[in-house]
Every structure is written in C-alpha cells, then in structure tokens.
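Protein chains in written order, with the working numbering: chain A, 1 to 181; chain B, 182 to 362. Every residue, glycine too, gets a C-beta built ideally from N, C-alpha and C. These numbers were taken from a predicted model, which means no experiment stands behind them. Notes follow the structure.
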DNA sequence: TTGTTTGTACAGTAAAAACTGTACAAAGTT
DNA sequence: AACTTTGTACAGTTTTTACTGTACAAACAA
C-alpha cells in the first residue's frame, strides 16, 4: 500500500471512531467527523475547507462548528490576511473533558437544583399546614426526604465540577509524565 | 389549593425537570418521565402501571425501562404473589452517576483506545519504512504524537473511572454528613 | 391438554432531528 | 458609491428516531 494511503486510513479510523462516540458530548456524528478532520488538519480551517473535505453543505458546517465551539472543543483562530472565519481544535483534551461538565452539566444541575428547592419549599409549607390529613402528611414527609437527598446530590455534583475546574482532580488521578500539568 | 394538588404539582415539576435533563445520560425525555414517576412511586411498578400513569403504549414502556435498566438507573424487584415484572429506581444517585461512566464511557473509551492503538501501530511501521519521502515522514511523526497524546488521555479517563468506581472520588469530593458513605 | 397472562419483536406511523439550498445582512473591497 | 465575499436565518426536504398496534412466544393456570 502507498504510504499516503496508509496514513489516510489510519486517520480515517480515528475520525470515524470519534464520530461514533461524540454523542457522549451531546453532539452528532457529523460534528464528530468535523472535529476529527480538524484534529488532523494542522492549519486552522475555514467553513469552505470543511465543506470541501466533508462534502457537506456550508450551512451544516456552520451550525455544527458552532456546536463544537459552544462546548469549547474548537476555537476561532486568526491568521493575518485571511478574511474567512478560521477554526481549530483546542488541543487540551483534559480541559475539553472538564468543559463538558462546566458547560453542559453545570447548566443542567442548576436547572434541577432550582426545581428541587422550589418543590422543597412548597412541601415544607404544606407539611406545616395544620389542615392536611395525617396520611397526606406522611407522604409529604417522604417526598421532602427524597428532595433533600436530591439537593445534596446536586450539591455534590457541583463540588465535583469545582474539583474538575480547579484541577484538583489531577491530584487524585494524575496525568502521565510529560503531559505538562 | 388542595393539599394533594400541591404535592402533585411539586412532584410534576421534578419529574419534568428530570425529563428535560436526562439526555446527559443519553436517554429520551420519556424515559426520564418514567424514571421520575418511579422515583415518587413508593412501590415497585409494573409495565401496566407505567402505561396507566404515563398514558403511553406498553411497548414504549418496555423499551425505555430496558434502557433505564441497562444504565442501572432502575432495577427489577420481586414481590411475592406478583407475576408481572416489577421495576423500581435504584436510590443511590451517586452510584448511578458512577454507573454512567462505568457503562457508557468505559465502552466508548475502550473502542477509541483500540482504534488509536491500531492506527499508532500502523504509523510507527510506516515511519520506519525507508521508502517514504522525508515530507511524508514528518507528517507521520506529527500524527504519531497526536495519537500518543490521545492514548494517554484515554488512559487517564480510564483511571478516572477507576477512581469513581473505587469511591476514591469521595475522598476528594466528600459527601455531606449523614449520607451513609 | 387448553386457556390466560405477560413481555417484546416487528412492521408501520408519527414526530423530531439533521441536512440542504436560497436568500440576505454584515463586512470588506474597489 | 457599487460590487464582492462570507456567515447564517429560514423554509423545505430527507433521514432518523420515537412511538404505536398487532402478533406471538414464553410462562403460568386450570
């Protein structure tokens, strides 16, 4: 087999594997293919480059590169003399993993915490209402327990993400040597 | 407002919030609603109970409870005298979080590691091929570096999940008091 | 055995998501 | 100013996913 062919096959395998697994980041296989392509492309790429490389519409390239950028998997680059928007992958994968939590999980936890706290307040008040039956009160108390558990859990998740963001996680799970942490 | 009504609204808010956020576990909103319903339902539920409660087909309940069980968010329960399959939520949410990584992430990491190692082997061999041009060799060496980085990253992720599974993570990010760890 | 209950495979349908092409606004160029 | 280039909003289409209903196999009951 020709050398360049071997190289391309080796790359293609990685790109396709990324495409098949990036759903863990809530992204589509196409976005994954785009990411993988940029990963091996050593210069920053324009939307037209991606259209060319992936054979998809420029509109698609625009929307999915946006999704990648929102998760900070790629970033814009500036090269003098180039007017088109340029994108390149952010090459710190550890940070990208952390960003998934900082961005997607943090938002989700916040929404869920708000809901839990609101329901908790309502149920605490209901519990103290003297008009409710003993039977209902017992159910309310059980639900309060469940929601307190949920509140603690989301608080823990928040602290976990703090530990990611502060890089304390690397004390517990160290990088290999020579990884520059 | 009637007491029972307050309770139901408080529950409904939580169930809907779970439904809107369970995509982080790769599950559909319907599966989230099913999970939330079971969370507040103190007895284990049958597929027919769920059909009743959620107004969806039994087939749907069957497939989505399967997805929930695969992620170990719910488990089967046995109650003497009941012939139907019974399901209940697993009430350790910390463990459920860990299970997400043990199950979904671990599988994904394994697939990606295999691909990376395979491509790495091919490129190492290509690099040592004396017939390739100097130009190509340089590209190959850069790709090898990238794949070594990827290999190290997946190795780190694997060790991170080990730390989750071994509960070492709770040394770094402790539970609140009274959470039974 | 025959009859009943229960879960799910499978085919078909409905709904949602991904993708494309056109059209246009914003910014740059001459 | 007029013209060009670039990114994206939006409408329409294609593809995928979620969901339903039927049919049936497995397990149990009589």
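Between the C-alpha atoms of residue 330 (chain B) and residue 72 (chain A) there is a straight-line separation of about 19 angstroms. Looking at the DSSP output, residue 269 (chain B) bridges to B:256. The stretch 281 to 297 of chain B makes contact with the stretch 11 to 27 of chain A; the number of CB pairs closer than 8 angstroms reaches 3 or more.
Following the DSSP letters along the chain, one finds residue 280 (chain B) inside the alpha helix (DSSP H) bounded by residues 274 to 281. For residue 123 (chain A), the neighbours in chain B by C-beta distance under 8 angstroms run, in chain order, 187, 188 and 191.
Neighbourhood of residue 300 (chain B) in chain A, by CB distance below 7 angstroms: 10, 13 and 14, in chain order.
Three or more Cβ pairs drawn from the stretch 321 to 335 of chain B and the stretch 92 to 102 of chain A lie within less than 8 angstroms of each other, which places the two stretches in contact.
If the five residues before and after residue 262 (chain B) are omitted, its C-beta is found closer than 8 angstroms to no C-beta atom of its own chain.
Burial is judged here by how many other beta carbons sit within 10 angstroms of a residue's own beta carbon; residue 77 (chain A) has fewer than 16 and is exposed.
About 6 angstroms separates the beta carbons of residue 214 (chain B) and residue 235 (chain B), which is inside the 8 angstroms limit, making them a contact pair. Taking a beta-carbon distance threshold of 8 angstroms, residue 23 (chain A) counts as an interface residue toward chain B. Here residue 145 (chain A) is exposed. Its C-beta has fewer than 16 other C-beta atoms within 10 Å. Take the alpha-carbon of residue 314 (chain B) and the one of residue 3 (chain A): they are about 9 angstroms apart. With a cutoff of 8 angstroms on beta-carbon distance, residue 86 (chain A) and residue 344 (chain B) are scored as not near each other.
Distance from the CA atom of residue 340 (chain B) to the CA atom of residue 182 (chain B), rounded to whole angstroms, is 52 angstroms. Taken through DSSP and simplified to helix, strand or coil, residue 45 (chain A) comes out as strand. Within the stretch 268 to 286 of chain B, those residues whose Cβ lies closer than 9 angstroms to any Cβ of chain A are, in chain order, 272, 274, 275, 278, 285 and 286. From the beta-carbon of residue 163 (chain A), the residues of chain B found nearer than 9 angstroms are 350, 353 and 354. Sequence-distant Cβ neighbours of residue 102 (chain A) in its own chain, meaning closer than 7 angstroms and more than five residues away, are 161 and 165. Assigned with DSSP and collapsed to three states, residue 357 (chain B) falls in coil, not helix or strand.
Under the three-state reduction of DSSP, residue 352 (chain B) is assigned to helix. At a C-beta separation below 9 angstroms, residue 155 (chain A) has these neighbours in chain B: 357.
Within the same chain, Cβ atoms closer than 8 angstroms to the Cβ of residue 74 (chain A) are found at 35, 38, 65, 68, 87, 88, 89 and 90, the five residues on either side in sequence being excluded. Contact of residue 323 (chain B) with chain A by beta-carbon distance below 8 angstroms involves 42. Think of a sphere of 8 angstroms around the beta carbon of residue 160 (chain A): the chain B residues whose beta carbon falls inside it are 350 and 354, in chain order. Chain-ordered, the chain A residues with CB closer than 9 angstroms to the CB of residue 184 (chain B) read 126, 129, 131, 132, 133, 136, 137 and 140. Using a Cβ-Cβ cut-off of 7 angstroms, residue 71 (chain A) is close to nothing in chain B; its nearest Cβ partner there is about 13 angstroms away. Here DSSP, grouped into helix, strand and coil, assigns residue 108 (chain A) to helix. Chain A places no beta carbon closer than 8 angstroms to that of residue 215 (chain B), leaving this residue out of the contacts. The residues 144, 147, 148 and 151, in chain order, have a CB closer than 8 angstroms to that of residue 120 (chain A) in the same chain once the five nearest residues on each side in sequence are set aside. Bounds of the alpha helix (DSSP H) holding residue 12 (chain A) are 3 to 21.
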